[in-house]
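**Student:** Chains as they are written, first to last, in this note's numbering: chain A, 1 to 219; chain B, 220 to 438. Idealized CB from N, CA, C, for every residue including glycine.
Number of protein chains: 2
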Amino acid sequence: MAKQARAIRTRRQILEAAGAVFDEFGYDAATIAEILARAGVTKGALYFHFSSKEELARGVLDQAVTTEGILPQESKLQEFVDIGMVLAHRLPREPLLSACIRLSADHAARELLGTSWPAWTEFMAEQLRGAKEQGELLPHVVPEDTATVVVGAWTGMEVISVGLKGEESLEQWIAKLYDHLLPGIAVPGVLRRLDTAPDRGARIWETYLEVRDTLAPAE
Amino acid sequence: MAKQARAIRTRRQILEAAGAVFDEFGYDAATIAEILARAGVTKGALYFHFSSKEELARGVLDQAVTTEGILPQESKLQEFVDIGMVLAHRLPREPLLSACIRLSADHAARELLGTSWPAWTEFMAEQLRGAKEQGELLPHVVPEDTATVVVGAWTGMEVISVGLKGEESLEQWIAKLYDHLLPGIAVPGVLRRLDTAPDRGARIWETYLEVRDTLAPAE
Numbered sequence: 001m002a003k004q005a006r007a008i009r010t011r012r013q014i015l016e017a018a019g020a021v022f023d024e025f026g027y028d029a030a031t032i033a034e035i036l037a038r039a040g041v042t043k044g045a046l047y048f049h050f051s052s053k054e055e056l057a058r059g060v061l062d063q064a065v066t067t068e069g070i071l072p073q074e075s076k077l078q079e080f081v082d083i084g085m086v087l088a089h090r091l092p093r094e095p096l097l098s099a100c101i102r103l104s105a106d107h108a109a110r111e112l113l114g115t116s117w118p119a120w121t122e123f124m125a126e127q128l129r130g131a132k133e134q135g136e137l138l139p140h141v142v143p144e145d146t147a148t149v150v151v152g153a154w155t156g157m158e159v160i161s162v163g164l165k166g167e168e169s170l171e172q173w174i175a176k177l178y179d180h181l182l183p184g185i186a187v188p189g190v191l192r193r194l195d196t197a198p199d200r201g202a203r204i205w206e207t208y209l210e211v212r213d214t215l216a217p218a219e
Numbered sequence: 220m221a222k223q224a225r226a227i228r229t230r231r232q233i234l235e236a237a238g239a240v241f242d243e244f245g246y247d248a249a250t251i252a253e254i255l256a257r258a259g260v261t262k263g264a265l266y267f268h269f270s271s272k273e274e275l276a277r278g279v280l281d282q283a284v285t286t287e288g289i290l291p292q293e294s295k296l297q298e299f300v301d302i303g304m305v306l307a308h309r310l311p312r313e314p315l316l317s318a319c320i321r322l323s324a325d326h327a328a329r330e331l332l333g334t335s336w337p338a339w340t341e342f343m344a345e346q347l348r349g350a351k352e353q354g355e356l357l358p359h360v361v362p363e364d365t366a367t368v369v370v371g372a373w374t375g376m377e378v379i380s381v382g383l384k385g386e387e388s389l390e391q392w393i394a395k396l397y398d399h400l401l402p403g404i405a406v407p408g409v410l411r412r413l414d415t416a417p418d419r420g421a422r423i424w425e426t427y428l429e430v431r432d433t434l435a436p437a438e
């Protein structure tokens, strides 16, 4: 069991190093040597877990659809907002997550590895179907379409926000994105109660970390 | 004069070939040899116009902010919509335009070449300031923010729509994007009269081509 825990930790260490390297260099220019140097593990350990650069990239992409940090809310639409806000909080702090976007936005890497967009879209659509059942959405809303629009728009905000000169964070841009999109999908009574403040993601994430620590005390 | 016209045509031919090659291979993997082969011009002609791959890429990016095809409308907000819809119609048909997005979405190429996003955002903001003056926007709308959100979301829809399995075109997705965003920015009386049908871009573009041909008859 201790051995297994160590293997999980090593695998995670390698993935985080791989995420940082893919994020910085892109798929083509990334090398296993660089990943090895950053992971601080032996070559044997790396090849025990991943046999090639392609497998490393797949391992990174498997981390892409993460709902870690989302807390159940009375409003399913608020949960839908929270997913985007928590991710906007985490992504600039976790190279593993931004590497997923970089790998997916790269044509060549995408052809080789596929993307996590269909999985994200389906997950968001599921949230919206829940919101619809609770009567939170305007009648014309098609959950699958709205999910695709939000995933696409979210990705685009991340892609361009890196290149924007301004001082605004990804969290601020994603908050603005939701402020633009929600009036077109939420019924008015729900709309005015949704929390889309830029620090929403940080607050939810911190609450989650506290709760998680309570549930699973540190070793 | 005839010589100058020929030079302009050759330059255009080279840029279109460069666009197709950057679009297909990305900046790093693109080669001048491949661009030369596709352009069907002499090496001397290419180097007369562009001295390096970097200059070729800059030439391609200079084509990115194009308002060609936009016709003046009574509603400035309709013009704002038309810009996105005409581009959604043209982009899949013009490798030069999709190359611009590909070059901008690539971290490494972006660091070298910069992006056209600030120019696009400013151009869209200008349209929105016009719409605001005409009383078409809800009072809380900040033209610069909305412009950034639309440019980011548009880019993201293009990036993910290439990878989506479905049958829907970029025009259909951009139409859906506008349907989601406009209720958050337009006053109701304007909103219901905006044309966001997926074929809006094609219609405007064809009308433009007819008008253009009338103004400047073929040689």
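Check for me: the alpha helix (DSSP H) holding B/T340 runs from which residue to which?
**Tutor:** Start and end: 336 to 352.
**Student:** In chain A, which residues lie less than 9 Å from B/M343 when you measure between Cβ atoms?
**Tutor:** In chain order: nothing, as chain A lies at least about 12 Å away.
**Student:** Could you check where the alpha helix (DSSP H) with B/L400 kicks off and where it finishes?
**Tutor:** Unbroken alpha helix (DSSP H) run through B/L400: 389 to 400.
**Student:** By the DSSP assignment, the alpha helix (DSSP H) with B/R312 in it spans what residues?
**Tutor:** That residue, B/R312, is in no alpha helix (DSSP H); it is neither H nor E in DSSP.
**Student:** Quick one: which chain B residues come within Cβ less than 7 Å of A/I160?
**Tutor:** Those are W336, V370, G371, T374, listed as they occur along chain B.
**Student:** Going by DSSP in three states, A/L138 sits in which element: helix, strand or coil?
**Tutor:** Coil.
**Student:** With burial defined as no fewer than 16 other Cβ atoms inside 10 Å of the residue's Cβ, what is the status of B/Q297: buried or exposed?
**Tutor:** B/Q297 should be labelled buried.
**Student:** May I have the straight-line CA-CA distance separating A/Q127 from B/V260, to the nearest angstrom?
**Tutor:** If you take the alpha carbons of A/Q127 and B/V260, they lie about 54 Å apart.
**Student:** Consult DSSP for B/A405 and reduce its assignment to one of helix, strand or coil.
**Tutor:** Correct three-state label for B/A405: strand.
**Student:** Buried or exposed, going by whether 16 or more other CB atoms sit within 10 Å of the CB of B/H399?
**Tutor:** Buried is the call here.
**Student:** List, in chain order, every chain B residue whose beta-carbon is nearer than 7 Å to that of A/P183.
**Tutor:** In chain order: P402, G403.
**Student:** Taking a Cβ distance cut-off of 8 Å, strictly less, list which residues of the stretch 382 to 400 of chain B are near chain A, in chain order.
**Tutor:** Taking 8 Å as the Cβ-Cβ cut-off against chain A, the residues of the stretch 382 to 400 of chain B that qualify are G382, L383, K384, W392, K395, L396, D398, H399, L400.
**Student:** Ignore the nearest five residues each way along the sequence and tell me which others in B/V279's own chain have a CB closer than 8 Å to its CB.
**Tutor:** Here the set comprises L234, A237, G238, F241, L315, A318, C319, L322.
**Student:** Considering Cα atoms alone, identify which of A/F80, A/P118, A/L177 is closest to A/P198.
**Tutor:** The residue with the shortest Cα to Cα distance from A/P198 is A/L177.
**Student:** Less than 6 Å between C-beta atoms, sequence neighbours within five positions excluded: which residues of the same chain meet that for A/I35?
**Tutor:** Around A/I35: A17, A18, V21.
**Student:** Is the shortest distance between the beta-carbon of B/A416 and the beta-carbons of chain A less than 9 Å?
**Tutor:** Chain A contact via Cβ: absent.
**Student:** Report yes if the C-beta distance between B/A249 and B/K272 is below 9 Å; otherwise report no.
**Tutor:** Contact flag set, yes.
**Student:** Could you work out which residues of chain B lie near A/G189, taking near to mean beta carbons separated by less than 7 Å?
**Tutor:** Those do not exist, as A/G189 stays about 16 Å from chain B at its closest Cβ, beyond 7 Å.
**Student:** A/A108 and A/A125: beta carbons closer than 9 Å?
**Tutor:** No. Outside cutoff.
**Student:** Compare the C-alpha of B/A338 against each of B/I227, B/E363, B/L357 and name the closest.
**Tutor:** Measuring from the Cα of B/A338, the nearest candidate turns out to be B/E363.
**Student:** CA-CA distance, B/G245 and B/D325?
**Tutor:** If you take the alpha carbons of B/G245 and B/D325, they lie about 8 Å apart.
**Student:** I'd like the span of the alpha helix (DSSP H) that includes A/G166, first residue to last.
**Tutor:** It is not in any alpha helix (DSSP H) - A/G166 carries neither H nor E in the DSSP assignment.
**Student:** Run the CB neighbour count on B/S270, radius 10 Å, all protein chains shown included, and call it buried at 16 or more, exposed below.
**Tutor:** B/S270 is exposed by the Cβ-count criterion.
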